[in-house]
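Colleague:
In mature numbering (1 follows the signal peptide of the UniProt record, and there is no 0), the protein residues as written are -27 to -1, 1 to 157.
#1: In whole angstroms, give me the CA-to-CA distance for residue 49 and residue 138.
#2: With a cut-off of 8 Å, do at least 3 Cβ pairs link the stretch 138 to 147 to the stretch 58 to 67?
#3: Of all the alpha helix (DSSP H) runs that stay within the bounds of the stretch 38 to 98, which reach a length of 4 or more residues?
#4: To the nearest angstrom, how far is the alpha carbon of residue 37 from that of residue 136?
#5: Which partner residues does residue 141 have in the DSSP bridge list?
#6: My assumption, with CB atoms under 8 Å, is that residue 129 sits in contact with residue 34. Please give the rounded CB distance.
#7: Residue 101 and residue 10: beta carbons closer than 8 Å?
#8: For residue 52 and residue 39, what's the separation of their Cα atoms in angstroms?
#9: Quick check: what's the CA-CA separation for residue 45 versus residue 7?
#10: Let me know if residue 32 comes out buried or exposed under the rule of 16 or more other beta-carbons within 10 Å of its beta-carbon.
#11: DSSP state of residue 130, grouped into three classes?
#12: Which two residues bound the contiguous beta strand (DSSP E) that contains residue 115?
#13: Considering only C-alpha positions, which residue in the set 131, 12 and 74 is nearest to residue 91?
#14: State yes or no: is the C-beta of residue 55 within less than 8 Å of the C-beta of residue 115?
#15: Go ahead and label residue 2 buried or exposed: buried means 16 or more other beta carbons lie within 10 angstroms of its beta carbon, across all protein chains shown.
#16: By Cβ distance, which residues of its chain are closer than 7 Å to residue 141, with the 5 residues on each side in sequence left out?
#17: Who are the near neighbours of residue 59 in its chain, counting only those whose CB is closer than 7 Å to its CB and skipping five residues on each side?
Right under this line is the structure:
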């Protein structure tokens, strides 16, 4: 009688274990963030609301009057933040690279014939919750969007992030220690 009950229970327990196993493996060491989070922009000393977008590959920061220039033979970029709460002085950073971002069908520029737009990329230290990382962000005018900072999948990997779109501001206000190690 016990053997018959155990035989009926074994498949149920096996199915339960197989169902839970992937979730346990994925969540280990990950931080759950919401669809929107507060982000502190390192040495720019500015806190902004960010949209976490797993469908976007790169991170984008709202900037205007973006100009590339040379300093001591190296490529740099000068820009102003296109964020209402931001300071109004120019910011200069070394150019990490130039990324090619696919244009949406409605943004296709028939005159240039290019299906992409070239955007300068800088490295920027960002704190979300208690995690601080240096990530690449491309510069573009996002003033028409609700969030001045978009954090895409490549940056989210650096944060070991799991994004729950049903949550907002799950990590709370940025609280990175100023002397905490900066993981890349």
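Beta carbons are placed, not taken as given, at the ideal position from N, Cα and C, and that holds for glycine.
Just so we're clear, the structure is a prediction, and the values are computed from it rather than from any experiment.
Modeller: Result, derived from the coordinates:
#1: 36 Å
#2: no
#3: none
#4: 29 Å
#5: 9
#6: Not confirmed; about 15 Å, so no contact.
#7: yes
#8: 4 Å
#9: 42 Å
#10: buried
#11: helix
#12: Taken as a continuous stretch (DSSP letters only), residue 115 belongs to no beta strand (DSSP E), as it is neither H nor E.
#13: 74
#14: yes
#15: exposed
#16: 7, 8 and 9
#17: 19
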